[in-house]
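One structure is given below, encoded as structure tokens.
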């Protein structure tokens, strides 16, 4: 006999945990949490309350009152505090109870909601669900280019999905799927599939690079090049960083003088794919993209982010969900997949992430319970 | 591989059972079972058939034919008997097979549906799901005041909920939530929250008493008092009795002569909250209320029970269900709740109920299977 | 933490398997798979892709790419091949990868989808999910009479159900339910219930025979007899064959000269009930019926198959599903059912099937994984 909705397993993390805890995850787009509302989202099987203080600073704590376990998001704000709707306990934005209307009104020492470090950066709210002593904001990777430039040249979107988060990472880390799954607009004319990327890794990241030439250029770029129907040289650079962020830069040029292709000398865009497990079967998928052309065109900007959102939801999404239904929560490698040259990067990511999970000490897990 | 709908666990009760069996539960409001229909409800994970004999006496038996396990409620009545829709076995209202149309028409000794003692009392049908030898109707607590008085002064309602039954008991046993969760109409003007009740217990009950003064009186009563806007003294008395019934009396008076407040000298009402688990995640919640004022007003009566039903469904209900989703079926105490002075009564109930469950002997459980 | 959709358990079959593997199941009606589409159905918890080659021959393979486990049915056909929608691997109709567009385009040895022997016969597609070395089409029972005769005298239908497949077999093997569950049109006027059939069995089949007289004849036949309101002699012969097919012949005659009643001398019909588990809680139920009267009447034919489909869906279906909800996936005998004389045939089937499952060697199971 088990409940249909598992309670948080923050209290029972162990060596077999499917999640990495001591790291920064995206909890929400910055725009999802306005100045008024109590926003709730389940992350790593834990209900999390997020709201902004009067000065705009976002804060996060477990979305349950420590008394009778009612979600605080069902309560009301009182300035920067939040009041439980059930028996009126009030908590400050660090989760500390600062008013108990009951009995002698003494505040029980244990009346403390677990709060989570939360940082607003690059248009996202980043949360740390592990040992808070280790929650150094400098560990958030630098995605500064997203917020460096014209506001009409960047877009963000959120796409909840019914699949395991590692299936989403796999999808981005193996871009050889582009010519098979996606439409004409981002076709590489078959260039990407036969060309295994150059893959590099270090202690906490995996990078893959592709360089190719195609005629015409990718249709998302060719109209911005000098000779739209002619050949152009392209690049893609992707970098995964733990736990679940993949930064992708892609661009094209027709200038033969550039030997080292990058976004400074190509027409292109700087994207971030990042995702956070709700549980092992559902994932919060966030995406942002900045382009370096037609930067002030708000209408084009809205069309662009909508087109990318729709491609993920209509093309990648059903494929990823269906693969997840076939795989369940089994470890990929236990299913003996046939691996292709294009799998080098996603396989390195899976192995590195599994190693990082194993390395999270049980002592660290114990700290989670404070 | 398990089925999505668990079969009855009456056959597998054990020391860790989440339910008390040897006790009276409410199976239905008396009005839910008419003179014709075969009524079915799942109680403690067991499908139960209830119907009324021609003389009006309600009877209960397991809602499955012992041959091929089809619910008898899908069959037809034949006088006081019920006929299985699948192969025509007929059972009398004690569950004994009295007609087998097959083969030599001999009735197999084992062709006996388990019947359950059922008593109609106080507007409810009370069922005994444990050892029938112990099913003494005198063990049904006396809720006589519900049926003692004008028929237009009492109302009943039924509210199925998606939470554990103990969460519902907790809700009624700690009335300090009234000023936080509920609206103006039953506000105590903050009186109840700081005031821990006087709590008493005996072997099978837990009682709590509140006494306070407020201005004006609770809005459900003040219009019936001599000076509606003036101060009035109030009382609430609640008594839990196993397994899951809480009787609540509440009233107000402006007569300074009364020192011992009760429903004989106050304007007030006599309520019964009682609930029966469907399983560990769903509960049948029943409620009845009798008032001692405006007793013959049928329209007021209908408004009153509707208003109380709506308050439970709209205000208590979502909070209880959300707390259950956070708690799952975990034992409350295993989650280390912060306990407040107002928790004394509900905690005593949880502890007493747990002890009673532990005390149900395995031998008693074995008897269940007859 | 488990997924809501179990991955295939073909890789983990064991001695406690709830299914027989080395046998022919019906995967689909022949008409369900047209000349174009990639048809997908889950059989024994395994996703199966079925399509027809250009020459019309149907083929079956596991509906997942061995690379990233995407259902191939989401892909596209390329002649007789199928192309995975995700990364473009192409497979021939035996499941062998014949094109890999990645890297050096070498085809990994392991890039082989498990294919399943599939035979189109008697209007059905029969699939073998076990050890393919044993997949002898001669083991498909002879249901030739279905396709031997006028095309307007036979009908087929498909009825997915929310119950265990053995509950469906039980239903057909004990026809004593006809007078209780079904309507006037196939009433035996109480003849079948008291009359246990003659039951015979051999190594792989169980047969039951009923012979009776009724007035008037079954209403599905009486209008085709010389004296519709008079008495007629009837027969039913049913034969179960593993795993889950029951052939039923039923007819009536008013000619006293016939002593050995059968479809050659009676007005009657030749039916096949056959079913295939999707999992332990859902079953694909297929039905076909051929009559030996009014054989060229297309309108009557359409009415006839619709009436039978409706009777199964409206009358048998809810009863079988409800029985399953009570039983769960428990073994019938573990629930101590009361058995009647009419249960001899279905009990023999359950016992024989359980024995056949037990006899499937683990070595055979290992072969499954090729």
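Residue numbers (UniProt numbering), protein chains in the order written: chain A, 1 to 370; chain B, 1 to 370; chain C, 1 to 370.
Where a beta carbon is used, it is the ideal one built from N, C-alpha and C, also for glycine.
What does residue i touch in chain A if you count any residue whose Cβ is under 7 Å from its own?
i	result
residue 194 of chain B	101, 102, 103, 105
Using a C-beta cutoff of 8 Å, does residue i count as contacting chain A?
i	result
residue 218 of chain B	no
residue 177 of chain B	yes
residue 5 of chain B	Any reading at residue 5 of chain B must be qualified, since the residue scores a pLDDT of 33, below 50, and its modelled position is unreliable; the value itself is stated next. So no, residue 5 of chain B is outside the interface.
residue 137 of chain C	no
Answer yes or no: does any C-beta atom of chain B fall closer than 8 Å to that of residue i?
i	result
residue 273 of chain C	no
residue 243 of chain C	no
residue 132 of chain A	no
residue 320 of chain A	no
residue 173 of chain C	no
residue 377 of chain A	There is no way to answer for residue 377 of chain A, as the model of chain A reaches only from 1 to 370.
residue 368 of chain C	Model confidence at residue 368 of chain C stands at a pLDDT of 40, short of 50, so the residue's coordinates are unreliable and nothing is read from them.
Report the residue from the options whose alpha carbon sits nearest the alpha carbon of residue i.
i	options	result
residue 179 of chain A	C:239, C:88, C:207, C:31	C:88
residue 249 of chain A	A:271, A:267, A:260, A:259	A:271
residue 341 of chain A	C:105, C:113, C:261	C:105
residue 240 of chain B	B:168, B:211, B:232, B:266	B:168
residue 264 of chain C	C:253, C:273, C:274	C:253
residue 74 of chain C	A:358, A:110, A:317, A:355	A:317
residue 46 of chain B	B:151, B:212, B:276, B:37	B:276
residue 40 of chain C	C:175, C:55, C:63, C:23	C:63
residue 297 of chain A	A:26, A:23, A:154, A:122	A:154
residue 203 of chain B	B:359, B:43, B:38	B:359
residue 238 of chain A	A:231, A:232, A:230, A:247	A:247
residue 115 of chain C	C:77, C:76, C:132, C:356	C:132
residue 339 of chain A	A:176, A:257, A:25, A:90	A:176
In chain A, which residues lie less than 9 Å from residue i when you measure between Cβ atoms?
i	result
residue 39 of chain C	The contacting residues do not exist; residue 39 of chain C stays about 15 Å from chain A at best.
Verify the CB distance criterion: does residue i have a CB-CB separation below 8 Å to chain C?
i	result
residue 17 of chain A	no
residue 169 of chain A	no
residue 311 of chain A	no
residue 340 of chain A	yes
residue 85 of chain B	yes
residue 12 of chain A	Only weak support exists for where residue 12 of chain A lies, its pLDDT of 38 falling under 50; the value from the coordinates is given anyway. False, the Cβ-Cβ gap to chain C never drops below 8 Å.
residue 323 of chain B	no
residue 47 of chain B	yes
residue 8 of chain A	With a pLDDT of 40 at residue 8 of chain A, under the threshold of 50, the modelled position of this residue cannot be trusted; read the value that follows with caution. Not one chain C Cβ lies under 8 Å of residue 8 of chain A.
residue 360 of chain A	no
residue 108 of chain B	yes
Closer than 8 Å by beta-carbon distance: list the chain B residues that pair up with residue i, in chain order.
i	result
residue 91 of chain A	Residues of chain B passing the Cβ test: none, with the nearest at roughly 11 Å.
What residues from chain B crowd round residue i, counting only those whose CB sits closer than 7 Å?
i	result
residue 66 of chain A	337, 338
List the residues of chain C that residue i touches, going by C-beta distances under 7 Å, in chain order.
i	result
residue 70 of chain B	319, 322, 323
residue 181 of chain A	85, 86
Give me the chain C residues within the contact set of residue i, using Cβ-Cβ distance strictly less than 9 Å, ordered along the chain.
i	result
residue 111 of chain B	338, 340
Quick one: which chain A residues come within Cβ less than 8 Å of residue i?
i	result
residue 74 of chain C	318, 319, 322
contact_flag[the region 156–173 of chain B, the region 275–285 of chain B] where n(CB pairs < 8 Å) is 3 or more: Touching, yes, given that three or more Cβ pairs across the two stretches are closer than 8 Å.
For the 8 Å Cβ check, are there 3 or more pairs between the region 301–310 of chain A and the region 128–147 of chain A? Touching, no.
Contact between the region 91–108 of chain A and the region 323–335 of chain B is defined here as three or more beta-carbon pairs at a separation below 8 Å; is this criterion met? By the Cβ test, the region 91–108 of chain A is not in contact with the region 323–335 of chain B, since fewer than three Cβ pairs between them sit closer than 8 Å.
Would you check if there are 3 or more beta carbon pairs closer than 8 Å linking the region 290–307 of chain B to the region 29–49 of chain A? They do not touch, by the three-pair rule.
As an exercise, report each continuous beta strand (DSSP E) stretch of at least 3 residues that is fully enclosed by the region 73–104 of chain A, in chain order. Unbroken beta strand (DSSP E) stretches of 3 residues or longer found wholly inside the region 73–104 of chain A: 76–78, 81–83, 97–99, given in chain order.
Count the CB pairs spanning the region 332–341 of chain B and the region 56–69 of chain A that are closer than 8 Å, and state whether there are at least three. Result yes; three or more Cβ-Cβ pairs closer than 8 Å.
For the 8 Å Cβ check, are there 3 or more pairs between the region 170–190 of chain B and the region 200–219 of chain B? As far as the Cβ criterion goes, the region 170–190 of chain B touches the region 200–219 of chain B, which means the pair count is three or higher.
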